[in-house]
Amino acid sequence: RSVVSRMLTPVGELAKTETRAVARRLGLVTADKPESVEICFVPDDDYVGVLERFLPADAPALAPGPLVTTSGEVLGEHRGFARYTIGQRRGLPGGSRRPPYVVDISPEDRRVVVGTEDELYATRVELEEVNWLVEPLAPGDACEVQVRYRARAVPAQVAAAGAGTLALELLTPARAVTPGQSGALYRSGQLLGGGIIG
Numbered sequence: 001r002s003v004v005s006r007m008l009t010p011v012g013e014l015a016k017t018e019t020r021a022v023a024r025r026l027g028l029v030t031a032d033k034p035e036s037v038e039i040c041f042v043p044d045d046d047y048v049g050v051l052e053r054f055l056p057a058d059a060p061a062l063a064p065g066p067l068v069t070t071s072g073e074v075l076g077e078h079r080g081f082a083r084y085t086i087g088q089r090r091g092l093p094g095g096s097r098r099p100p101y102v103v104d105i106s107p108e109d110r111r112v113v114v115g116t117e118d119e120l121y122a123t124r125v126e127l128e129e130v131n132w133l134v135e136p137l138a139p140g141d142a143c144e145v146q147v148r149y150r151a152r153a154v155p156a157q158v159a160a161a162g163a164g165t166l167a168l169e170l171l172t173p174a175r176a177v178t179p180g181q182s183g184a185l186y187r188s189g190q191l192l193g194g195g196i197i198g
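Positions 1 to 198 (my numbering) are the ones given, in order, by the sequence shown.
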């Protein structure tokens with residue numbers, strides 16, 4: 001919090017469109033560069049290829065494991081849980097009335113759990129390593145939480161707060177809440193802080 005209050009951003013108050021206009025006027029080759037939406041250091045968006053190059057061949061993340069439903073039915077075997085993300089649909093076995101989605105990944109036993117789209121929605125989010133830019137919220141306080149980069153923030157109420165932790169009840173369920181990703185907290189457009197989804 002003490003750093004943010006003194007921080008200067010490289011473009012100050014300029015919006016992205018204004019920054020691009022200045023870059024065009026100056027003849028910079030990056031003026032019309034497409035937006036980056038993936039991990040910048042991963043060639044061809046092949047993050048599994050990067051893992052295969054840097055992890056040992058027998059790494060658990062790349063090892064086969066059970067592909068199961070939320071009710072525990074074994075559907076088959078996957079080729080490594082690193083190849084899946086919460087909310088993914090592509091590459092999963094079909095045949096059911098409703099298309100399956102990855103709803104959970106359990107690295108401890110290498111399980112990839114699939115379910116319906118309805119099962120992707122969460123009504124509670126727990127954050128760890130919370131970093132506040134304002135005074136910390138207390139139980140009962142209202143805020144909005146954004147759980148994915150391009151997702152809309154959803155209204156939430158603080159259920160519990162501890163040292164570096166925060167539990168939120170979501171007033172609107174959020175899709176594909178993923179452990180290890182960031183959760184950003186807002187109120188009326190102001191960034192309050194954030195943490196890691198547990």
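Every residue, glycine too, gets a C-beta built ideally from N, C-alpha and C.
Contact check for L185 and A161: beta-carbon distance about 11 Å, past the 8 Å limit, so the pair fails to qualify. In this structure A82 touches A61 by the C-beta definition: roughly 4 Å separates them, less than 8 Å. Counting only residues of its own chain and dropping the five nearest sequence neighbours on each side, A142 has a CB closer than 6 Å to the CB of Q157. Fewer than three pairs of CB atoms, one per stretch, sit closer than 8 Å, so the region 66 to 77 makes no contact with the region 163 to 174. For E35, the three-state secondary structure derived from DSSP is coil. Excluding residues up to 5 positions away in sequence, L120 and Y121 lie with their Cβ nearer than 6 Å to the Cβ of R175 in the same chain. The residue from V130, V177, T17 and L171 with its alpha-carbon nearest to that of I196 is V130. DSSP places D141 outside both helix and strand once states are collapsed to three, so it counts as coil. The Cβ atoms of P100 and G80 do not sit closer than 8 Å to each other.
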